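Below is one structure, written out as structure tokens; the observations come after it.
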Amino acid sequence: MPDIAIPNDPARAIAEGAAASAPRLVAIRRDLHAHPELAFTEQRTAGVVAAELSRLGIPHRTGVGRTGVVGLIEGGLPGPTLALRADMDALPIAEQTGLAFASRAPGLMHACGHDVHTATLLGAAAILRDLAPALAGRVKLVFQPAEETLAGAAAMIADGVMENPRVDMALGFHNYPEIPLGGFATTPGAALAASDRFEITVRGVSGHAAHPDVAVDPILAAATLVVQLQSVVAREIDPFRPAVLTIGAIQGGVAHNIIPDEVVLRGTARSLDEETRTRIEAALRRLCEGVGAGMRAPCTLAYHRGCPPLVNDEGMRRRLVASVAAQFATPVEERAPSLGGEDFAYFAERVPAAHLAIGSGQKGRADRLHNSAYQPDEGAIPLGAAALARAAFDLLRPGAG
Ligand SMILES: [Zn+2]
Ligand SMILES: [Zn+2]
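The numbers in the numbering used here rise by one with no breaks, and the one at position 396 of the sequence shown is 400.
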């Protein structure tokens, strides 16, 4: 065995590393917060990430999956490659926090805390760079664009992020204001939903509202279809398999006395497993055909499969829980699944992966993600960095396999 500097008290080394970089990470987060960028336009953000990785002496590539950045920390011993993934994009929300470092981009805001995520992964990078001689394997730092549109992970994978070196396992994370600062949670099995969207075009025949008999009313057909669609989850899906079917937009008609030619419905279907997902899509198709035929208004369905369900690998999840519990000497909670989507699922589809929920709730506040007044507790940054660094350290311990 070569002589390797393995800290005999990793919890302490990691906690000290996180504490040392906390002020810098908070400053980076505030800078990112003031300059939010939407999906696939994260040029400035990618520049901040690249500059920080350069400062840390971590080799990296930019422009992976358009605006993504990938860094690589090479361990002192051979071993597997672990990907740590953060997302970087903001939302089209007008910020209402009144903070000194509030968004300077009108109509855009880091309301999902991806500014916190980016800073957190930079913090983990700084700690792991210092621990690198003790690692058996390497850490690939994945700064992903466009999570909110669920398109960034696929773009990075298409651009080769899982290769050279080949990724063997992955960890993702998200801040959650409903978990108080200092808390962590994971979800066994499927944690987040398959997220699909669809568009239904209902074709009628326009005419005078006073003479519906010589027209075909697509509004009545669309209304019937909206009601019928609610029977899919209520009556066709196993009650023990969570699913949601929501129509979020209806467009059609211009005046009180005209039957229009067309109505367009847009919606989303969510589920935690492929079988349920396939059943929902089939039921949608069948009801579109049935209502269309029954009401003489053909309903055309365009169904777009989005990201798959995010399924935690149980072995990885247990190792993650053990590491976080050991780092902070606190239990890691179990969290119920959510029908929100998260495109870390594309990584988890390819390699054993686990996703960590990091508490970001400030005392005395009741924040929500995607809310214009969202204020995560910045203490989540060094805590998250320490959690990720510890998990990586344990997964890449010599002989950890
Ligand atoms: Zn979000
Ligand atoms: Zn998010």
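Ideal Cβ positions, reconstructed from N, Cα and C, are used throughout, including at glycine.
Quick caveat, the model's predicted, so the values are computed rather than measured.
To which residues of the same chain is E78 closer than 8 angstroms at the C-beta, ignoring the five residues directly before and after it? A136, R142
Is E46 near ligand 1, judged by its Cβ being under 7 angstroms from some heavy atom? no
Just to confirm the assignment: which complete alpha helix (DSSP H) runs, minimum length 4, are found wholly within the stretch 274-329? 278-298
Mind checking which residues open and close the alpha helix (DSSP H) that includes F351? 349-354
Who does M173 pair with in a DSSP beta bridge? L86
Leaving aside the five residues before and after M5 along the sequence, list all residues of the same chain whose C-beta is less than 7 angstroms from its C-beta, in chain order. Model confidence at M5 stands at a pLDDT of 42, short of 50, so the residue's coordinates are unreliable and nothing is read from them.
Let me know the secondary structure DSSP gives L103 once reduced to three states. coil
Please give me, in chain order, every unbroken run of the alpha helix (DSSP H) with length at least 4 that falls completely inside the stretch 138-173. 156-162
Taking the alpha-carbon positions, what's the I18 to A390 distance? 6 angstroms
Which two residues bound the contiguous beta strand (DSSP E) that contains D35? Looking at the DSSP string, D35 is not in any beta strand (DSSP E); the run it does join, the alpha helix (DSSP H), is 14-38.
What is the DSSP secondary structure of D217, counted as helix, strand or coil? helix
With F397 as the anchor, note down where its alpha helix (DSSP H) starts and where it stops. 384-399
Judging by CA-CA distance, which residue of T334, C311, H64, A340 is the nearest neighbour of A352? C311
From this set, A106, A43, I131, T101, which residue's C-alpha is nearest L57's C-alpha? I131
Tell me whether A225 sits in a helix, a strand or coil according to DSSP, three-state version. helix
Measuring alpha carbon to alpha carbon, tell me which residue in S364, L373, R322 is nearest G193. R322
For A55, three-class secondary structure by DSSP: helix
Helix, strand or coil at H64 according to DSSP, with G and I counted as helix: strand
Limits of the alpha helix (DSSP H) - the one that L135 falls within: 118-135
In the DSSP assignment, what are the bridge partners of I77? V143
Does the beta-carbon of I32 have 16 or more other beta-carbons within 10 angstroms, so that it is buried, or is it exposed? buried
Can you tell me whether D7 is buried or exposed? The criterion is at least 16 other CB atoms within 10 Å of its CB, across all chains shown. Residue placement at D7 is flagged as unreliable, the pLDDT there being 46, under the threshold of 50; the coordinate-derived value follows with that caveat. By the 10 Å Cβ count, D7 comes out exposed.
Cβ neighbour criterion (16 or more within 10 Å) applied to H118: buried
Taking C-alpha atoms, which residue in H121, D317, A286 lies nearest to Q354? The sequence shown places Arg at residue 354, rather than the Gln named in the question. It is D317 whose Cα lies nearest to the Cα of R354.
The stretch 174-183 contacting the stretch 371-380, beta-carbon criterion three pairs below 8 angstroms: yes
Locate the beta strand (DSSP E) running through G368, then write down its first and last residues. Here G368 belongs to no beta strand (DSSP E), and DSSP marks it neither H nor E.
Pull up the DSSP beta-bridge partners for M113, would you. L95
Compute the Euclidean distance between the alpha carbons of R89 and L126, then round it to the nearest angstrom. 11 angstroms
Could you check what DSSP says for E337 in three-state terms: helix, strand or coil? strand
By C-beta, the residues closer than 7 angstroms to any heavy atom of ligand 1, given in chain order: L95, C116, E151, E152, L373, H374
Within 10 Å of its beta-carbon, does K367 have 16 or more other beta-carbons around it, so buried, or fewer, so exposed? exposed
Does at least one heavy atom of ligand 2 sit under 7 angstroms from the Cβ of D91? yes
Can you determine whether any heavy atom of ligand 2 sits closer than 7 angstroms to the C-beta of H114, and answer yes or no? no
Let me check understanding here. Comparing Cα to Cα, which of T66, G80, R239 lies closest to L145? T66
Measuring only from the beta carbon, is H118 closer than 7 angstroms to any heavy atom that is part of ligand 2? yes
Is H334 buried or exposed, if buried means 16 or more other CB atoms sit within 10 Å of its CB? In the sequence under discussion, the amino acid at residue 334 is Thr, which differs from the His named in the question. Counting Cβ neighbours within 10 Å, T334 comes out exposed, since fewer than 16 surround it.
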